[in-house]
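Trainee: In order, the protein sequence lines correspond to chains E and V.
Using our numbering, the first residue of the first sequence is number 1, and each one after it goes up by one.
Using our numbering, the first residue of the second sequence is number 1, and each one after it goes up by one.
No residue lacks a Cβ here, since even glycine has one placed at the ideal position from N, Cα and C.
Nothing here was measured: the structure is a model prediction, and the numbers come from that model.
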Amino acid sequence: MGKRVGMEVSIAAAEAVKQANVDVISAYPITPQTHIVEHLSELVANGEFDAEFFCVESEHSALSVCVGAAATGARTFTCTSSQGLALMSEITYIASGLRLPILMIISNRTLSAPLSIWNDHSDAMSIRDCGWIQFFVENGQEVYDHVFVGYRLGEDRNVLFPVIINMDGFILSHVIEPFELIEQEKIDQFLPPYQPVHRLHPDRPVTMGAFALPSIFTETKKAQEEAIRSSIPKILETWKAFGDMTGRYYHPIETYKAEDADTLLVTMGSCGETASVAVDKMREEGKSVGLVKIRLWRPFPFEAFKEATLHSKQLVVIDRAISVGACGPVAAELKAALYGEAQRPSVYNFVAGISGRDVTPSDFIKMVDKAEIEIEKGNKEGYEIYGVRG
Amino acid sequence: MTENLNVFAVRTLTQKEYFAPGHRACQGCAEALAVRLVAKALGRNVIIANATGCMEIVSSPFPFTSWRVPWFHVAFENTAAVASGIESALKVLMRKGRIPHKKIVTLAMAGDGGTADIGLQALSGALERGHDFIYICTDNEAYMNTGIQRSSSTPFGASTTTSPAGKVQMGQITWKKNMPAIAAAHNIPYVATACPSYPIDLVQKVKKAADIEGPAYVHILSVCPTGWRSAPELSIKLGRLAVETGVFPLYEVERGQYRLNMDFPKLKPIKDYVKLQGRFRHLTESMIDEIEKRVHQEYEQLKEKAKKGV
């Protein structure tokens, strides 16, 4: 078993990047991502970590540097939040289209306006369709673990996709949590150096990033789409291998007291832990409530999600973002996933906890109660923003 | 005479082509010629990051490529950042023993829009960070790939599709941005201007840029018959006229020292240059005089800098 320590989550994330023996790191500071790059800078400055690390003049360039370095065969890392992610969004699509296994941690933060540095998922949702493998993690240990999982997975020759680890800004990034650190020898075995299929090198010249006419564009997109869908078995395999090494097993959809529940809370990210406290309380009161947590956001695990939810009567879906003029983006996704089923639960959608507003166990209980009343009344597919004052 | 040989003896260059024929550039495209010469100058041990633009489009329609060296296109505005990534990856992978040690030149290439407008921030960042790479701006003085829209590198008076010669406005109303001066202001080891009408001069500058450690910036004027509304067979002549009239002087800034590569005791009249180009055909005598005055003034300032060596 690895060493158990107490550590700030951002520091642990940086330690994981060091242990993953990353070659090139490029980033631009933005709250709440800063502690990761600050600690990486320290590690490099103290000679504890041999990497090319440089702070560039924008997030757009940060990801562009990673794209150039990854195409040359380096293992690369960047991290950002909010406006920074919005600025680099153009390149997120290109990194995926070029099939470059870059790893990025997003300390999730609200998109302006109004300006807000606090946590929600509006930044992640703005690049939902960029073609990266996207995880949402629940606690610090999961951030640390998924750095190794992410590189091994992304660099697999049958996968070759960039990977995003979404962690809630401040709520996770700035708190001290207990960690079980993995011994370096184990990591080196789990994650050998990156061996690209093609790299930019004069010994074997290749053209990368050629443009596509309409006669070939659809075929290239189909190939990308099929590749990311068929990466699900590889994701499961990588988690299995990681679990065998550490004893920590991960799944695309995690459940808590869900098997026999009539009502299922559905969460993504750190609020899953709070929701589980609420579930315990409601169970004590004799209510049939369980919890479903989405860990793998892209490629979306349709089968696992249906398996976890089809037996229930209703889902109470918590979104930490708004698709303005529609509803919560997670709820929309889940409704689409369930649409083909003859017997399907109602989906009641709350937008809650945007811009860092706390969602406490009693809030979850209130939302479940409200949803059950509304569904009883016949408002089966309701949508509301929770906890608005005035 | 020796000097002339040095400037014009194109047959002394390698016969090898790294930018292959068969690309889709327009007839008389001096930018394609410039790129071909740059590729010849650098040989096979190079990795090219190319911005979106004419040269990217004419050379890489999948599944074809004109590139016999490693070549990478990512986006429009980030070429200097992509090159930074390539350069640092080469450095760290060689240091960690994952690829063999050898000299590989990292070359970033963009047009005037990709350099002086949308790519300026990424370029400034890369120059400031001091990456060991060459940045080449092939300047055809407008967004030719999208249909001849004005850029900050379009000269005063030129008519483009977004700075048309209208009834009240006579083409571009601003003066050309001085990109080499901006690059030089970053105190990088090497800045030069070049033009494919002077092929040997161009090749020598690119070779020098490759030999120098640290960032090097080469600004290449590239005549565009399509956008300049000039006859394709006049591209070489127009490049020479740009130099001989003082519109585009050939010079170097080596570690802060200015050197004029070709000095003309008497510059040719601007009229000789503008009259061959449809983009200037609406110019009045007084506008031509105004341009000439400004060109002469800037040429004198450059000569002063070269004289002082600063």
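Is the beta carbon of V/P232 less than 9 Å from the beta carbon of V/C54?
Mentor: No, Cβ-Cβ distance for V/P232 and V/C54 is not below 9 Å.
Trainee: If E/V143 sits next to E/V9, beta carbons under 8 Å apart, how far is it from one beta carbon to the other, in whole angstroms?
Mentor: About 6 Å separates the two Cβ atoms, so the contact holds.
Trainee: Between which two residues does the beta strand (DSSP E) containing E/Q134 stretch?
Mentor: Looking at the DSSP string, the run of the beta strand (DSSP E) that includes E/Q134 is 133-136.
Trainee: Applying the criterion that 16 or more other CB atoms from any shown protein chain within 10 Å of the CB defines a buried residue, is E/K221 buried or exposed?
Mentor: It is exposed - the Cβ of E/K221 has fewer than 16 other Cβ atoms within 10 Å.
Trainee: Say whether chain E places a C-beta atom closer than 9 Å to the C-beta of V/M1.
Mentor: Because V/M1 sits at a pLDDT of 41, beneath the cut-off of 50, its placement in the model cannot be relied upon, and the point is left open.
Trainee: Given 8 Å as the limit, is there contact between the region 150-162 of chain E and the region 108-120 of chain E, that is, 3 or more CB pairs closer than that?
Mentor: Taking 8 Å as the limit for Cβ pairs, the verdict is that the region 108-120 of chain E does not touch the region 150-162 of chain E.
Trainee: Assign E/E185 to one of two classes, buried (16 or more other C-beta atoms within 10 Å of its C-beta) or exposed (fewer than that).
Mentor: Its Cβ having fewer than 16 others within 10 Å, E/E185 is exposed.
Trainee: Under 7 Å between beta-carbons, which chain E residues line up against V/N187? List them in chain order, please.
Mentor: Ordered by position in chain E, no residue passes the 7 Å Cβ test against V/N187, which lies about 17 Å from the chain.
Trainee: Who are the Cβ neighbours of E/G382 in its own chain at under 8 Å, not counting the five residues just before and after it?
Mentor: Correct list, in chain order: Y348, N349, A371, E374, I375.
Trainee: Just the Cα atoms here: how many angstroms apart are E/I187 and E/T238?
Mentor: Going from the Cα of E/I187 to the Cα of E/T238 covers about 13 Å.
Trainee: For a cutoff of 9 Å on Cβ pairs, would you count V/P70 as touching chain E?
Mentor: Yes - at least one Cβ of chain E is within 9 Å of the one on V/P70.
Trainee: Going along chain V, which residues have a C-beta under 9 Å from E/F49?
Mentor: What E/F49 touches in chain V: nothing, since even the nearest Cβ is about 11 Å away.
Trainee: What alpha helix (DSSP H) runs, 4 residues minimum, are completely inside the region 200-284 of chain V?
Mentor: The region 200-284 of chain V contains these whole alpha helix (DSSP H) runs: 225-228, 235-244, 270-274.
Trainee: To the nearest angstrom, report how far apart V/L238 and V/A183 are at their CA atoms.
Mentor: One C-alpha to the other measures close to 25 Å.
Trainee: Start and end of the alpha helix (DSSP H) containing E/S420?
Mentor: Because chain E here runs from 1 to 390, residue 420 of chain E falls outside it and cannot be looked at.
Trainee: Which value, in whole angstroms, describes the spacing of the CA atoms of V/V247 and V/S222?
Mentor: Distance between the alpha carbons of V/V247 and V/S222 is about 13 Å.
Trainee: Counting only runs that start and end within the region 56-137 of chain E, where is the beta strand (DSSP E) found for 3 or more residues in a row?
Mentor: For the region 56-137 of chain E, whole beta strand (DSSP E) runs of length 3 or above, ordered along the chain, are 76-80, 103-108, 133-136.
Trainee: Residues of chain V with CB under 7 Å from E/G209, in chain order?
Mentor: F72, H73, V74, listed in chain order.
Trainee: Contact check, V/Y190 vs V/K208 under 8 Å by CB: the rounded distance?
Mentor: Indeed, because the Cβ distance is near 7 Å, the residues count as touching under 8 Å.
Trainee: Could you tell me which of V/K177, V/N50, V/E244 sits nearest to V/P155, measuring between CA atoms?
Mentor: Closest option to V/P155, Cα to Cα, is V/K177.
Trainee: Give me the Cα-Cα distance between E/L236 and E/R152, rounded to the nearest whole angstrom.
Mentor: Between E/L236 and E/R152, the C-alpha separation is close to 12 Å.
Trainee: Are V/A216 and V/A41 touching if we call contact CB-CB under 9 Å?
Mentor: Contact flag unset, no.
Trainee: Taking 9 Å as the threshold (beta carbon to beta carbon), is V/N78 in contact with chain E?
Mentor: Cβ-Cβ to chain E under 9 Å: yes for V/N78.
Trainee: Any C-beta of chain V sitting closer than 9 Å to the C-beta of E/D23?
Mentor: Chain V, which has a Cβ nearer than 9 Å to the Cβ of E/D23, makes this yes.
Trainee: Note the first and the last residue of the continuous alpha helix (DSSP H) segment covering E/I375.
Mentor: That run of the alpha helix (DSSP H) goes 361-377.
Trainee: So, at 6 Å on beta carbons, what are the nonlocal neighbours of E/E59 in its own chain, with the 5 sequence-adjacent residues on each side left out?
Mentor: Once the five neighbours on either side are set aside, the close Cβ partners of E/E59 are Y28, T80, G84, L87, M88.
Trainee: Leaving out the 5 sequence neighbours to the left and right, which residues in its chain are closer than 7 Å to V/L241 when beta-carbon positions are compared?
Mentor: So the list reads K268, D272, Y273, once near-sequence residues are dropped.
Trainee: Would you say the region 67-74 of chain E touches the region 199-210 of chain E, given that touching needs at least three Cβ pairs under 8 Å?
Mentor: Cβ pair count under 8 Å is three or more, so yes.
Trainee: For V/V243, would you say it is in contact with chain E, using Cβ-to-Cβ distances shorter than 9 Å as the test?
Mentor: So no, V/V243 is outside the interface.
Trainee: With a threshold of 16 other CB atoms inside 10 Å of the CB of E/P32, please say whether the residue is buried or exposed.
Mentor: When all chains shown are included, E/P32 counts as buried.
Trainee: Residues of chain E with CB closer than 8 Å to the CB of V/A34, please, in chain order.
Mentor: Ordered by position in chain E, no residue passes the 8 Å Cβ test against V/A34, which lies about 20 Å from the chain.
Trainee: Exposed or buried, E/G247, counting other C-beta atoms within 10 Å across all chains shown (16 or more means buried)?
Mentor: Exposed is the call here.
Trainee: For V/W71, which three-state DSSP category applies?
Mentor: It is a strand residue.
Trainee: Flag V/P61 as yes if its beta-carbon sits less than 9 Å from any beta-carbon of chain E, otherwise no.
Mentor: Yes, because at least one Cβ of chain E sits closer than 9 Å to the Cβ of V/P61.
Trainee: V/I220 and V/I134: beta carbons closer than 9 Å?
Mentor: No; because the gap between Cβ atoms is not below 9 Å, this pair is not in contact.
Trainee: Compute the distance between the beta-carbons of V/S153 and V/A165, then report whether it is under 9 Å.
Mentor: Taking 9 Å as the Cβ cut-off, V/S153 and V/A165 do not qualify as a contacting pair.
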